[in-house]
Amino acid sequence: MAPPPKRGRGGGARGLEYISLDGLRVDGRLHTEVRKIRCSLGTLSRADGSAYYEQGNTRVLAAVYGPREPTGRDFEHDKAIVKCEFSTAMFASTARRRTWKGDRKSTAAAIVVQRLFEGVILLAEYPRCQIDIYVQVLQNDGGTLVAAVNAACLALINAGVAMSDYVVACSVGYVDNTFVADPNSLESGSDRPELTLAITPHSGKICSCQLVSKLADDASFESAMQYATAGAKQIFQVLEYEVKKYSLGLLDSRGMVAL
Amino acid sequence: MKEKVISLCEKNFTIDCIKANCRVDGRRISEARKASISLGPNWGFAEVRYDRTHAVASTTVEAITPTPDRGSEGSISISVELSPTASEPAARASLFRNTGSFIETRNCIESFVRDSRSVDTEALCVLAGVKVWSVRVDVHIINDDGNCMDACMLAVMASLMHARRPDVTVTGKEVRIHAMDEREPVPLPVHHVPLSATFGLFGGGRPFDPDTVVLDPVKTEELASNGSVSFAFNSQGEVCGVYKGGGLPLHIRSFEVCSKLAATHAVGLTAILKAALADASAEHPLSTVRPMLVDAEPVAMLAKKESEREKLAAPTSTWNATPVLDTAPPDIDAMETITRARAVPKNDLIDGVFEHENEDDQNEDMKDVGPEEENKMIVEKLIRSDSESSTEGLEAAIVPKKQRKERKTRRR
Amino acid sequence: MEAHKHSSASFTILRPKRLSDNAEPVSRLSHVPITSPGSVIPTEDHSVRARGTLLSCGESGNVLTATRAGVISRVNKLVMVMPLRSRYIPETGDVVVGRVVEIANKRYKMDVNATKHAFLLLTAINLPGGVHRRRNQEDELNMRQYFKEGDLVSAEVQERRKDGSVALHTRSLRYGKLSAGQLVTVQSELVKRAKKHFHELPCGVHTILGNNGFIFLSQTRKGAISLEMRRRIARVANSILALDSEFIAIGPDTIMDVYQTSLANGVEVKDMCTPDVVKSICVGARSMREAA
Amino acid sequence: MSKRPSGMELAKQPGTIILPGERMANIGDSADAGQAVIRIGSGVTQKSSELLASKAGYMRYEASRNKLWVESNQKRYVPALEDPIIGIVQDRFGEEYRLDINGSDTATLSMLAFQGATKKNRPNLGAGALVYCRVVRASKNMEAEVSCIEPGSTKSWSGGETLYGELQGGTVVQVSLGMARKLLREDRVLKMVGNVPFQSAVGVNGRIWIEAGNCEHTMLLSLALQKADVMRADEWQEFVKQLWSQSKK
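Line order of the protein sequences matches chains A, B, C and D. Each residue of the first sequence is one higher than the last, beginning at 405 in our numbering. Each residue of the second sequence is one higher than the last, beginning at 399 in our numbering. Each residue of the third sequence is one higher than the last, beginning at 29 in our numbering. Each residue of the fourth sequence is one higher than the last, beginning at 456 in our numbering.
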């Protein structure tokens, strides 16, 4: 005789009620709203390109070195190679957790970020070169991969690497059988479906898409995609404004407007 | 790690063929290779072939005391190995097996099978806090001719559906596990069968360029493509997982084309899987509830294989430049020891080796493994299986402890 | 969802490099055509595509999109995007300061802060004593006497080859090994291309403004460097770093502006690096520049 | 066993299948000096007065040059002098290209080793280019060297009519070495492959380059060739007929 089945799938560990009656989520957002984003470019002086990115309580720092001479032996003679390293600070989440360099989660995230930018960066412009992307998660409140992708995109733009388009990521959770854009760590429990989508905003193409665990039959995959693209478009507006402001700031201080 | 060297003209040729909708091996763009599944004599041993891509999976089920925090849930873990025989770069990379593309395959399969709740871990609980079932699926990619992702996924699901766990009676706090031959073994609680379809992506990298998707790419297409996307659907048409790790940005339209194609492909695959399961359980030798004696039937099966090999090795017409290298078959008494060893239901690759021998395109296999390695493999297996069967007696039906411990240490 | 007004950041540890991050420049310079990767550039039909842009054929004919964040500059038919920040792009005739990384057969591999190492061929350097002859086996053997790994060398870009590699030469008395001085690294865009790159600053400091962002400071007179001269070199170095962090064009005039302002404000050399001091100095220098 | 004037009596008839370790010939002791020179090819080793096979395959004996070797069927190519092979350019080092020739090591092709190439006017091959060339140096302990100069031909490489040089378009089919040698010797198979005009270049290292007008015909040809390697003659002819009839639909 198996133990009594647990109360419904969406109940969550502490039986918390995720979406209040008037449709507000735990942190007061609507189900289509993305968390508040604050980011800045060129925060590190040593890196070729760097960006600090904050989405709600998730804080990420990205640095780009390159394009430069390849350090290892594996390089392509006709195009650049992209290498990525993803590390989470020990103090990032509530419990102090020591992560080793090669542990599963960070290598998986690093591979996604690397493959993502291999599709967007114009690699043919830098033959036999290497572009290194380093992402450091400072504070983790869910959606670290999304924040990492957006931060790496800003850092690459800051480094002046040729890219065919921005890459903007957004994730969608599924709580109390409604889709919620940009779930925080509370809403993205382990046994709930979550879709992480990265798109190129101008052409609307899909760069990377990861859906974890089965969608219930009524929730269709297409509507999840629409939520994610809408969220990504919101984030893109903020990124573009930030880059515009940063570029104009540089031009203004350099004083040479018409080059 | 340098992939197989593919020349520019081969690459361009592959892409032209795809544009003309007739692929390098004659298939249409949305046509997959025929999957053939053969479920091995032991429970939970599945062998899947997509033409030349060949994966072997095996499931072991074990009763363990659960970890305190998840006391009432069983566990399922999947490990995917790229065996050095798969392809030349794989052989060279035997030291560090975690090449980029390979880690992606493993993570992807794990998320498709485990996170999509295909096997209900709560139903794997024998007695909360005391005993739960731990299911371990090991997949080996024997020969990689492109798209080993779908082959592994199909192998994992086939192996899970075919696996059996010993029956168990719980009286109060005390748990009694019956041996496999005492009580009819029980299948695993598989709720739905997610099966994956992988597409190769082709197209220029620029923002507004059109892009094409190709179902089930072969090795040359995989090398010529710039990215891949995998969809997992079950036969009810529910999406169980999507993985696109980057590479070529894809139009929304072709993304939807892929998901529809993947849905229909999954239905077809499930039908093949069901057929294979049906005839596997019919002629399964171990299903009879008789004590484990030397069973005459396997010897007959081996003799049948022997005669088939003679037929193939008959002198072919001089025109066929490739004579079958008739390596002398191992002498009869060595075969005897093998059959006795086989009585113990442990999944040893040795059956796999013989099964390869009498596949219809036997040359195909000999060719890929190469005569020298093939001899080495057979000899190595003979020595190992002899030492194992002679040193420890024919213990209880479940996998003998020594080998399980040894497998555990090798695992960590 | 209106764009987030970027209030002065509350986080203190990660202050963005640019101190004045208020939105004021956005309104003042809104007329400047700024793009970022992927945004479409309006083009007439006869325009010719150049660096920093990408031509792709969309549904409605081909579309020109930018590949970097920068200023769209149109020179009659030519449309290109000038990136604001990128690694040094060598041009023939540039004066650069390079560091020897490796000695390969008959050439020195030099790091010039570019995407690839530049090569200084053995045949393109002046042999000691200015002797002129063909390089033979023996020269090749004692290449390490001329320059060894880690040495700083001032050189000129001789040519850019088809496959992107860059050749340098030190075929004039101005160029050669640099010693007894300090190297300051800045962003290469800030160093304007000028006729003269070797400057004698009024405060007695000799500077080589490398186009690739490597600036070498040394003493004009030969002989031992006095304590006072070391302090002056340090002050020049700090003022160059101040200009770099404020992203102000670096030339002998702007360096001297910051140098004088820091002296006038009585700022000690050692605390010239703190961010707010840097900001006040640069604002002072700019106002002085506009006043003059 | 026939006594040959060549001072060696064969233990087996040439053309039979021979296995590693079997005795192929007996040289007799070195006492009766002044014998004809015996040339040993690939797959044969000498053990005191006997010649043993070291590879499995067909035993071949060429009376005119008194040469004995074992023709075996493997996929890994061992460079031999004057072999026409197809190489893929991997990289460029200084004055040479490094070619992958499906062998144990890469081969080098000098940039000037083209028909009528000079320092200024020479072909510029990128990585991944396909080159049809001839082995000019093959020794066990050194890298093989290949060249695209055909002795006795005066055409220049840029004209495109030379036999050796870069191969453009079409595709490459990987077959076993035995099959490639057979195709080179008598091209009965090539004629039967398909009734479509096509160009082909056979490399002894198991690579065959074929190029028909459109890519569908090339694909069908490559399929037929791949299957020719593994199927028996009658099965294969039937397969080819069926292949071409399908494509007509």
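Don't be surprised by glycine CBs; every beta carbon is placed ideally from N, CA and C.
Query: For the structure I just gave you, are there three or more beta carbon pairs, one from the region 238 to 249 of chain C and one from the region 205 to 223 of chain C, closer than 8 angstroms?; Result: yes
Query: Check the DSSP bridge columns for I764 of chain D and list the partner residues they point to.; Result: Because residue 764 of chain D is not part of the residues shown, which for chain D are 456 to 704, the question remains open.
Query: Is it buried or exposed, M567 of chain A, if we count other Cβ atoms within 10 angstroms and call 16 or more buried?; Result: buried
Query: Check the Cβ of A582 of chain D against every Cβ in chain A and list those closer than 8 angstroms, keeping chain order.; Result: H481 and D482
Query: Can you check which of these residues, C:A142, C:S193, C:L218 and C:S114, is closest to G126 of chain C by C-alpha distance?; Result: C:A142
Query: List the endpoints of the continuous beta strand (DSSP E) containing S454 of chain A.; Result: G453 to Q459
Query: Any beta carbon from chain C within less than 8 angstroms of D542 of chain B's own beta carbon?; Result: no
Query: What are the residues that DSSP puts in a beta bridge with L599 of chain A?; Result: A:V576 and A:L615
Query: Is the region 655 to 665 of chain B in contact with the region 416 to 425 of chain B, if contact means three or more CB pairs nearer than 8 angstroms?; Result: no
Query: Who are the near neighbours of L558 of chain B in its chain, counting only those whose CB is closer than 7 angstroms to its CB and skipping five residues on each side?; Result: T457, V517, V535, L586 and V588
Query: Let me confirm a value: V76 of chain C is counted as buried when at least 16 other C-beta atoms fall within 10 Å, else exposed. Which label applies?; Result: exposed
Query: Check whether the region 503 to 517 of chain A touches the region 572 to 583 of chain D, counting contact only when three or more Cβ pairs, one atom from each stretch, lie closer than 8 angstroms.; Result: no
Query: Does the Cβ-Cβ distance between V627 of chain B and F597 of chain B come in under 8 angstroms?; Result: yes
Query: V648 of chain D touches chain F at which residues, Cβ-Cβ below 9 angstroms?; Result: Absent here is chain F; the protein component of the structure consists of chains A, B, C and D.
Query: For the region 580 to 595 of chain B, enumerate the residues whose C-beta is nearer than 9 angstroms to any C-beta of chain C, in chain order.; Result: none
Query: Tell me the DSSP secondary structure of A526 of chain B in three-state form.; Result: coil
Query: Determine whether the Cβ of F411 of chain B lies closer than 8 angstroms to any Cβ atom of chain D.; Result: yes
Query: May I have the straight-line CA-CA distance separating D452 of chain A from I556 of chain D, to the nearest angstrom?; Result: 41 angstroms
Query: Can a CB atom of chain A be found closer than 8 angstroms to the CB of G644 of chain B?; Result: yes
Query: Compare the Cα-Cα distances from T412 of chain B to each of D:G624, D:D560, D:L474 and D:T471 and report the closest residue.; Result: D:G624
Query: Tell me, please, whether the CB atom of D546 of chain D is closer than 8 angstroms to any CB atom in chain A?; Result: yes
Query: Using the beta-carbon count (16 or more within 10 Å), is W531 of chain B buried or exposed?; Result: buried
Query: Run down chain B in chain order and give the residues with a C-beta less than 8 angstroms from the C-beta of G625 of chain D.; Result: C407 and F411
Query: List the DSSP bridge partners of V525 of chain D.; Result: D:M514
Query: List, in order along the chain, the chain B residues whose C-beta lies closer than 7 angstroms to that of V91 of chain C?; Result: F606
Query: Go ahead and label R520 of chain D buried or exposed: buried means 16 or more other beta carbons lie within 10 angstroms of its beta carbon, across all protein chains shown.; Result: exposed
Query: Residues of chain B with CB under 9 angstroms from G66 of chain C, in chain order?; Result: P605
Query: Give the residues from the region 568 to 589 of chain A that approach chain C closer than 7 angstroms (Cβ to any Cβ), ordered along the chain.; Result: S568, D569 and Y570
Query: Just how far apart, CA to CA, sit I540 of chain B and E526 of chain D?; Result: 29 angstroms
Query: Enumerated in chain order, which unbroken segments of the alpha helix (DSSP H) with a length of 4 residues or greater are wholly contained in the region 499 to 580 of chain A?; Result: 508 to 524 and 548 to 562
Query: In chain order, which continuous runs of the beta strand (DSSP E) of length 3 or greater are located wholly inside the region 91 to 124 of chain C?; Result: 98 to 103 and 106 to 111
Query: In whole angstroms, what separates the C-alpha of A535 of chain D from that of A599 of chain D?; Result: 9 angstroms
Query: Can we say the region 480 to 490 of chain A touches the region 523 to 531 of chain A, given the rule of at least three CB pairs closer than 8 angstroms?; Result: yes
Query: Tell me the rounded alpha-carbon separation between I179 of chain C and S594 of chain B.; Result: Checking the displayed sequence, the identity of residue 179 of chain C turns out to be Asp instead of Ile. Roughly 58 angstroms separates the two Cα atoms.
Query: Applying the criterion that 16 or more other CB atoms from any shown protein chain within 10 Å of the CB defines a buried residue, is A678 of chain B buried or exposed?; Result: buried
Query: Please determine, among D:G542, D:M566 and D:A562, the residue with the shortest C-alpha to C-alpha distance to G549 of chain D.; Result: D:M566
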